[in-house]
Amino acid sequence: MASNKKYWKSEAELNPNDSIVEALKQNEFTEQIPVDEFLGDKENLEASSTNRRDFLKYIGFSTAAASLAACEGPVKRSIPYVIQPENIVPGVASYYATTIADGFDFASVLIKTREGRPIKIENNVSAKVNGGANARVNASVLSLYDSTRVQGPMAGENPATWEELDAKVISGLKAAAASGKQIALLTQTYASPSMAKLVGDFSSTYPNVNHVTYDAVSEDAALTAFEMAYGERALADYDFEQADVIVSFAADFLSDWQGGGYDTGYTKGRVPTNGKMSRHIQIEANMSLTGANADRRIPMKPSQIKLALAKLYGKLNGTNVGGGSSDVDGVVGQLAAEIKRAGSKAVVVCGLDDINAQSVVIAINQMLQSKAFDAEQPKYVRQGSTAKVNKLVADMKAGRVGVLLVDGVNPMYTLPNAADFVEGLGKVGVSVSCSFNFDETAQAVDYVAAASHYLESWGDVEMKKGHYSLMQPTIRELFDTRQFAACLLKWMGSDANYYDTIKNHWSANILNGTSWNKTLQDGVFVDASSMTPSSAEVSEESEETETTGTQDNLASALRSLANATSTGMELMLYTKVGLGDGKQASNPWLQEFPDPITRVSWDNYVTVSKADAADLGLENYNVANGGLDGSKVNLTVDGVTLENVPVIIQPGQAKGTIGMALGYGKTAGMKDEMQVGVNAYPVYKDFNNVQSASISKVDGIHEFACVQLHNTLMGRGDIIKETTLEIFNTKDHAEWNHVPQVSLDHQEVPANSVDLWAEFDRSIGHHFNLSIDLNACTGCGACVIACHAENNVPVVGKEEVRRSRDMHWLRIDRYYSSEDSFEGDNEKKDNLDGLWGETGSLGGFGEMEDPAENPQVAFQPVMCQHCNHAPCETVCPVAATVHSRQGQNHMAYNRCVGTRYCANNCPYKVRRFNWFLYNNNDEFDYHMNNDLGKMVVNPDVNVRSRGVMEKCSMCIQMTQKTILDAKREGRPIKDGEFQTACSSACSSGAIVFGDINDEESKVAVLKKDDRMYHLLEHVGTKPNVFYHVKVRNTNEA
Amino acid sequence: MKKLFSQVSTLRFQALFVGLFLLLLSNPLSAQEEAAEATPDLGGDPVAGKQLFNQNCAACHALNRKMTGPALANVETRLYEEEGLDKEWLYSWIRNSAGMIASGDAYANKIYNEYNGAAMTAFPTLSNADIDNILAYTAAPPPAPAVVAAVPGGEVPAGGQVGGISNEVILGALALVFGLLVVMLILVNNTLRRIAEANGVEMVKAQAEKRTPIWKAFAQNQFLVFCTVIALLLGSAYGAYSWMSQIGVDQGYAPVQPIHYSHKIHAGDNKIECKYCHSSARVSKHSGIPSLNVCMNCHKSIYEYKGNPEGPSAEDLANGYTNEFYTKEIKKLYKAVGWDEENQKYTGESQPVEWVRIHNLPDFAYFNHSQHVTVGKIECQTCHGPVEEMEIMYQYSPLTMGWCINCHRETEVQVADNGYYEKIHAELSKKYGVDKLTAAQMGGLECGKCHY
């Protein structure tokens, strides 16, 4: 019997009168194909002298001509230098030590240059402070070649000359001086001795100079608290290597907290040596990178964190700080016990923008006499004062500012009260912005002084008291730009150049007789005399601030912390590892860099907890092509609403809290592709990272570009092997680092003893291995960007990433546990029994796909494992991928025909296919389609073409170079000479590379370690990359 | 006044002697001998002077042309007449110019400043007699050797003509002999025929049997046709394959360069070491086209091409490679580097030379010169051919992968005195049971060694 059911494709079909439905019944296309337009003009057709035969002749001729022409090779020109600079040998890289200090990132680095072009950033290992480049610093070399840079001075929207600009500014300065109006400098944090001197000179040249330092992401609370305690506006330094117990109250110290750079010390204490490692407890609202690395993570609302902090002080001090729930009391009790046991080997840090909280943390560390807490040699990498910024905006509005000079900051974008700023700007006589892009501020001011990149500039930095570093240009200005210091000198009427200013200042005040050239070569200088605090300085400081009332202050601080309350949702603003404060938002490497926690690239979003999402009806789901979709919300803080903000449901997010990253949503002076995300600065009220907010769901779906579909490990404990410190210390490694067993002749044998293939003798020559210590890896992603830079990895854009076509050779997988811990997952999986019921695998596995409310997190960098028995090699029909004696799995691009068999047969999914031509293609308008952006390309590595498979080569260009250097010098290779881009970028020491045939080498020792295991060992691929079992210090007190 | 006068004349002398001193230093014995032979009364021997001049002075001075230092023709007279400086001044200038400048001598300082403060090398070993010889040479340079004079540029050298005539004579005689033989044979044949006719011998043409033409027989044999077709197809496939595999192989590629640079003159005639100019071949992946300042190391003083003493060969002349031609090419260099010959100064207006690249390895192949030149100790000529004989540089080798691989299979690794190879050579040679390892055995055939 025929069915009466009516099938319909869209709602419109149900309406019989709908015109479109009718039209579609008749035609395939609703609109007529414009054939008539093309062929209807009969007159025109007849007038044409070209008939069909002629047309065919033309086609034939041009085909023949094209194929003939193709036989002739193109003529290539080769243009040598007229006068070759002495220190440049074409084909040989030179390295220069310099320092990045863009106001947000501070690091001493080495710059690799080829034929005069900076192409890569390396860590400066001789630097004692911030010698490790993070992802943003690694990517900063690409920002140098940003095609959207301001290429010369501008007056409004029009190009100008420096002479014009200088004349206008100087006359403006003189007018301001004459009229007694303020001359305001609104700048980034320089932490630069020479800049301080220069600003001093500027102030003595012109009266009424007001230097306002402004950090887009403020650390004002911590600075003020430190100033109250020690009389100097600086930040306490922490050496986490010295700490046995680390308690962090929402301080994301592994990424950008207080200027960052703490991961090196932290990871040194995290690798179990002699049965000991530090214990790290994180109390936070958002799931941060630091929280993900903690042994114990306690999700908590910011208001409760404050209470907990106050209570902790009380517990440690023996006083009673009242109020709050019993939950908090319980947690604080455990914390206090652990801290007390560790005594001076404990340290407490706090990331809340609250002076009281910061004061209490200082008091606790003082009370503990924490060895990890260093107030004598504080850090200077943040100096912004929110009070001064607010005062300046008020002054501008009142018309008291004659000249405004802006450098290194973009207040129009980053100020929460940008409207006030622009109103004030109208009343300023002359406003100049020293800008890198034609950004929001540059568009608002009168003149744009095109700024030089740090790789084109001279400079110096004192990141930490007594620790100086120098910035030197590694390339001449690409455009007609000038660094701000040079502008200041010019506007002061001085003929001196900034280089001489620095050199003289250093010779007179810093170097103490040490050679300038040597210091410039090293890039860093430590003033030994500053290691002991000079009494003169202390007394000078104590005059400035009164410290007698500390106890009273503390009491009131504790009171206000204990009484902290909140209404509605608590919004915690943070910065992402990728974009930071948004300064490098037009850097495609950073935009494509997946966030370590959410694994989302090209976006920011609101993170909500699972429970809140359920209440509000927010959801995340994967669609058929693997893309992640999510709901959108409107986020309102104190009357300011951010519209259509996408939502990510974040495991581990504290209930009643939401998180959102700053630094996105920049639109001015950027390519269309880069204008992603939502600007969160408008809700950064009073420069406080905690806000009271409300969110409401709005219609629509946001399409994310998320590179990881599965969030949990599903109990597959042999992918990331974990154990606790207790088991690690007490049990045999066979227990906690179990080698998978397979059945051979009906006997259980270790999987690595069975072999399908005859084994090669690899004992001769080099045999490269890469070691990854999961204990030391924080997931920071510096290696991902370093790999990008070294290997010319293309940027594919948001759409392509969404289609899982990202090209990163090295990815850092992030896994959540489905139970409270991965251990729990493993047990649950092992106990599954049958299909149905309580322990049935049908339901059980489904449950295990969902991460827990507060899951454990694990990171795992995965690159090509360079299997000795590689599955990819056996399936390649053209032998494009083959193995070498040195352990590297080679990929001959010119041989590859693009069958993608290898990628399908790879158990680690590390092969990347060039779906398109990513270079010289305007469809991918990032950096490889313009001459400027192409300057960053590494000439030793091929730029791959369309239809070719690519993957990690274990930086064969670097190992080959090391070998060649040794051959040329006729010497054996020392351990440590072999490096890959990732291993040399890893400042936490998690990635170690070397030759295991050198028995003495570090990597050979690591390979024999009990913690060593291979990824998917039971597959029998015998990889040359190995991992070290993650040990968690989770034995509860 | 008188004092000044005497000083000036000395200066003149000394300026001349600066150059002479250099000559002496390099060959003091013979120079002294020659100096002794020279008659001092005549003010020096110009022949000995020329030798001294070429040895000591010519690097910086020419007779009629400013170089690093002033032109020295008739320097003695000129100094005397224009500046009033005598020979004594020249003696002391040549032996210690710096001292004279320091002592504040007016003309010494003038000349020092005029030549951009380039201090003249002191020649304390030149005797007065030597200096006199040099001055004599500058005053009256000896006539050029007779050979050169006998062959004015442009005429065909006599030697070539002589060789040509003798060859032609031989050939002509041979042709005559062969002609005679042919005539004789025809005559003999005719005579024999006549005798035969006279004897009544009938010349019957053999009546050929009626046979199938060979092509028809072939066409009828299907097996043969089949085989031929197969052979033809295979042959044309092979032809097509060989033709296609030479696409992109530019062996023999010799493009016209913006400056006609002759490797034959530089590396061949003058025996300049390859790596003097292509210095980065030792340390870098690129051999490097020398920057123009390297050219100027020599061409500051070599401003014209004098050719070999016998003059240009017939072959050169046929190509238009006259001395003037080469000199014009040197001027092109001066223009590119911005060298003002008049004032011996760089103008600062340079224009890089856009050479046409001859050896174009594809981007996907990594080649490192230093690996082959410094480590492998391979002669440049192994791959680049007889460069020292190339008037126009061309690509000697095919630069195909097969060519690379063959060499890697055959070439032994230079392990001697190289600490890097010690261990690996001992182990590998034991494994393969050989004394010497080839590059292939060291792993030189692995894809990733050249493709990344």
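Protein sequences, first through last, are from chains E and P. Residue numbers for the first sequence follow the numbering used here, so the first one is 285 and each next one is one higher. Residue numbers for the second sequence follow the numbering used here, so the first one is 10 and each next one is one higher. Note that the Cβ used here is the ideal one computed from N, Cα and C, for glycine as well. No experiment lies behind these values; they were computed from the predicted model shown.
Rounded to whole angstroms, what is the Cα-Cα separation between residue i and residue j?
| i | j | result |
| --- | --- | --- |
| A459(E) | G686(E) | 8 Å |
| T1007(E) | G1182(E) | 41 Å |
| S488(E) | L469(E) | 14 Å |
| E660(E) | G415(E) | 20 Å |
| C459(P) | A374(P) | 5 Å |
| G344(E) | L329(E) | 22 Å |
| K344(P) | Q360(P) | 8 Å |
| D338(E) | P407(P) | 42 Å |
| S378(E) | V393(E) | 14 Å |
| V409(E) | D547(E) | 14 Å |
| Q60(P) | A149(P) | 14 Å |
| Q431(P) | Y441(P) | The amino acid at residue 431(P) is misidentified as Gln; the sequence shows Glu. Near 16 Å, if we compare the C-alpha coordinates of Y441(P) and E431(P). |
| Y405(P) | N302(P) | 28 Å |
| D444(P) | R418(P) | 15 Å |
Among all the DSSP beta bridges, which residues are the ones paired with residue i?
| i | result |
| --- | --- |
| Y1100(E) | T996(E), V1141(E) |
| I1004(E) | According to DSSP, I1004(E) bridges with nothing at all. |
| T859(E) | L946(E) |
| Q1025(E) | P1034(E) |
| T497(E) | T471(E) |
| I933(E) | V892(E) |
| D540(E) | D540(E) pairs with nothing; no bridge assigned. |
| K560(E) | T557(E) |
Taking the beta strand (DSSP E) that residue i belongs to, which residues open and close that run?
| i | result |
| --- | --- |
| P695(E) | Segment 695-698 is the alpha helix (DSSP H) holding P695(E); no beta strand (DSSP E) there. |
| G743(E) | 743-748 |
| F373(P) | From DSSP, F373(P) is part of no beta strand (DSSP E); its letter is neither H nor E. |
| K916(E) | 912-921 |
| K396(E) | 390-398 |
| H1167(E) | 1165-1167 |
Residue j and residue i - do their beta-carbons sit closer together than 9 Å?
| i | j | result |
| --- | --- | --- |
| A630(E) | D521(E) | no |
| V434(E) | F722(E) | yes |
| S850(E) | V921(E) | no |
| K950(E) | S885(E) | no |
| R1095(E) | V1232(E) | no |
| C1067(E) | I932(E) | no |
| L1054(E) | H986(E) | no |
| Y968(E) | L842(E) | no |
| K552(E) | V810(E) | no |
| F510(E) | L519(E) | yes |
Return yes when at least one heavy atom of the ligand MN lies under 8 Å from the C-beta of residue i, else no.
| i | result |
| --- | --- |
| G297(P) | Looking at this structure, you won't find the ligand MN or any other ligand, since it has none at all. |
At which residues does the alpha helix (DSSP H) containing residue i begin and terminate?
| i | result |
| --- | --- |
| P55(P) | 55-61 |
| E876(E) | 872-876 |
Q.
Whether or not the stretch 731-748 of chain E and the stretch 987-1006 of chain E are in contact is what I'm after, with contact meaning three or more pairs of Cβ atoms, one per stretch, closer than 8 Å; do they touch?
A. no
Q) On the three-pair Cβ rule with 8 Å, is the stretch 1098-1113 of chain E touching the stretch 1132-1140 of chain E? A) yes
**Q.** contact_flag[the stretch 1074-1089 of chain E, the stretch 1306-1315 of chain E] where n(CB pairs < 8 Å) is 3 or more
**A.** no
Q | Cβ pair count under 8 Å reaching 3, the stretch 139-146 of chain P against the stretch 112-131 of chain P | A | no
Q. Does the stretch 445-457 of chain P come close enough to the stretch 1168-1179 of chain E that 3 or more CB-CB pairs lie under 8 Å?
A. yes
Q: Could you say if the stretch 411-430 of chain E and the stretch 1051-1068 of chain E meet the contact criterion of at least three C-beta pairs nearer than 8 Å?
A: yes
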